[in-house]
């Protein structure tokens, strides 16, 4: 009996790997040059992760599974069902669970010159260009860091709690997605499902800002439906803190952009030190409400870390306006974002929706009055 079950499970694993990695093999055949070793490495990492994944029901019913993990797996299934009902494109995501072999699922590398707001960009088939690069193995990520540093670039390496394959693979639940309070747990799942639902090739800043915005709105609805008042209050504090940090990062990037216009490199580096000193002072005096964001007051900020933070939420103001245009209804919001992502110019379409509402003529024949719940059409132009 045991051998039969083992063979059945092995058959399922092999089947998942073949189905999931098939599209990537086609991509590998379509590209050439230095991308191939990286993509092969990523394919191997994804295959290794999928090979260790088990159906959620099997993990939950395993006598060796801790009751708290079983309860959180139940909750995760509820979040996924909620997402599907709201209009997220769930597909076959989060039907399995895996503990990554190295503990951390993905390592992110980002880099830029120390005196320029010019992040290194990596181009990939189908999904476009991104200002960061993910690795399943830390050792390979660290090798990339050393390579970039030899080129005189400033580099940041950080772990990522989760990732999305945009529906190409059967994304498994990870321990990192089941950590924290109920709002954080739901938020991580909804953020990654948002990437499956709305995606703009080659625009990482807009994609991550959209996913962060959907996460915030979705967690609000999720917690409210559960009647989790304490969770709602804590989530609200995190959202406000995120907006505070976003404003400070945006201000700092504007200052750096001006200072980096200097022709002399030494002048640019000296100006960078002054701007970062001001940034740290503002963070120290900021009234963050949560420990999660108070910790940003003591970290050693670098230029690529600042740019990476801007990627995750820098387009928040215009998305806030689109949320108001949706009348704060999550399914409508998702549909408006999908509509914009599928247009010829997603940013222009978001601008149109934010200014004139979802039912205006995209050809430019907008109504005389904007329909964004009483807000002025230019309200999204600045930070909150």
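Numbering (the working numbering), first residue to last: 1242 to 1625.
Beta carbons: idealized from backbone N, C-alpha and C, even for Gly.
Let me know if residue i comes out buried or exposed under the rule of 16 or more other beta-carbons within 10 Å of its beta-carbon.
i	result
residue 1594	buried
residue 1391	exposed
residue 1448	buried
residue 1495	exposed
residue 1317	buried
residue 1565	buried
residue 1320	buried
residue 1479	buried
residue 1364	exposed
residue 1604	Because residue 1604 sits at a pLDDT of 46, beneath the cut-off of 50, its placement in the model cannot be relied upon, and the point is left open.
residue 1540	exposed
residue 1267	Since pLDDT at residue 1267 reaches only 37, below the 50 mark, its modelled position is unreliable, and the value read off the structure follows with that caveat. Its Cβ having fewer than 16 others within 10 Å, residue 1267 is exposed.
residue 1366	exposed
residue 1344	exposed
residue 1598	buried
residue 1556	buried
residue 1569	exposed
residue 1558	buried
residue 1213	Missing from the structure shown is residue 1213; the chain here goes from 1242 to 1625 and no further.
residue 1433	buried
residue 1514	exposed
residue 1468	exposed
residue 1507	exposed
residue 1589	exposed
residue 1333	exposed
residue 1324	buried
residue 1475	buried
residue 1483	buried
residue 1456	buried
residue 1596	buried
residue 1567	buried
Where DSSP assigns a beta bridge to residue i, which residues make up the other side?
i	result
residue 1347	1401
residue 1360	Bridge partners of residue 1360: none, in fact.
residue 1352	1396
residue 1523	Paired residues: none, contrary to the question.
residue 1365	1369
residue 1296	1337
residue 1414	1338
Do residue j and residue i count as a contact pair if the criterion is CB distance below 8 angstroms?
i	j	result
residue 1481	residue 1525	no
residue 1327	residue 1572	yes
residue 1436	residue 1418	no
residue 1372	residue 1548	yes
residue 1554	residue 1450	yes
residue 1443	residue 1370	yes
residue 1294	residue 1413	yes
residue 1421	residue 1472	no
residue 1587	residue 1462	no
residue 1300	residue 1306	yes
residue 1389	residue 1396	yes
residue 1517	residue 1509	no
residue 1339	residue 1415	yes
residue 1361	residue 1310	no
residue 1438	residue 1579	yes
residue 1410	residue 1346	no
residue 1289	residue 1342	yes
Between which two residues does the beta strand (DSSP E) carrying residue i extend?
i	result
residue 1323	Not the beta strand (DSSP E): residue 1323 falls in the alpha helix (DSSP H), residues 1308-1327.
residue 1370	1369-1371
residue 1375	1374-1376
Ends of the alpha helix (DSSP H) at residue i?
i	result
residue 1529	It is not in any alpha helix (DSSP H) - residue 1529 carries neither H nor E in the DSSP assignment.
residue 1424	1423-1438
residue 1380	1379-1391
residue 1538	Neither: residue 1538 is in no alpha helix (DSSP H) and is coded neither H nor E.
residue 1336	Premise fails: residue 1336 is in no alpha helix (DSSP H) and is neither H nor E.
residue 1474	1470-1500
residue 1597	1587-1597
residue 1553	Careful: residue 1553 lies outside any alpha helix (DSSP H) and carries neither H nor E.
residue 1447	1445-1467
residue 1342	Segment: none, residue 1342 is in no alpha helix (DSSP H) and carries neither H nor E.
residue 1563	1557-1566
residue 1573	1571-1582
Is any beta-carbon of chain B found at less than 8 angstroms from that of residue i?
i	result
residue 1569	Judged by its chain identifiers, the structure shown contains no chain B, having just a single protein chain.
Does the beta-carbon of residue i, which I'm using as the reference point, lie nearer than 7 angstroms to any heavy atom of the ligand HEM?
i	result
residue 1537	Although the ligand HEM was asked about, the structure shown includes no ligands whatsoever.
Three-pair Cβ contact test at 8 angstroms for the region 1422-1431 versus the region 1347-1365: Short answer: they don't touch.
Take every Cβ of the region 1473-1491, pair it with every Cβ of the region 1548-1560, and state whether three or more of those distances are shorter than 8 angstroms. The region 1473-1491 is in contact with the region 1548-1560.
Report yes or no: do the region 1375-1393 and the region 1343-1350 share at least 3 C-beta pairs separated by less than 8 angstroms? Output reads yes: the region 1343-1350 touches the region 1375-1393.
Take every Cβ of the region 1323-1339, pair it with every Cβ of the region 1573-1581, and state whether three or more of those distances are shorter than 8 angstroms. Counting Cβ pairs under 8 angstroms, three or more are found: they touch.
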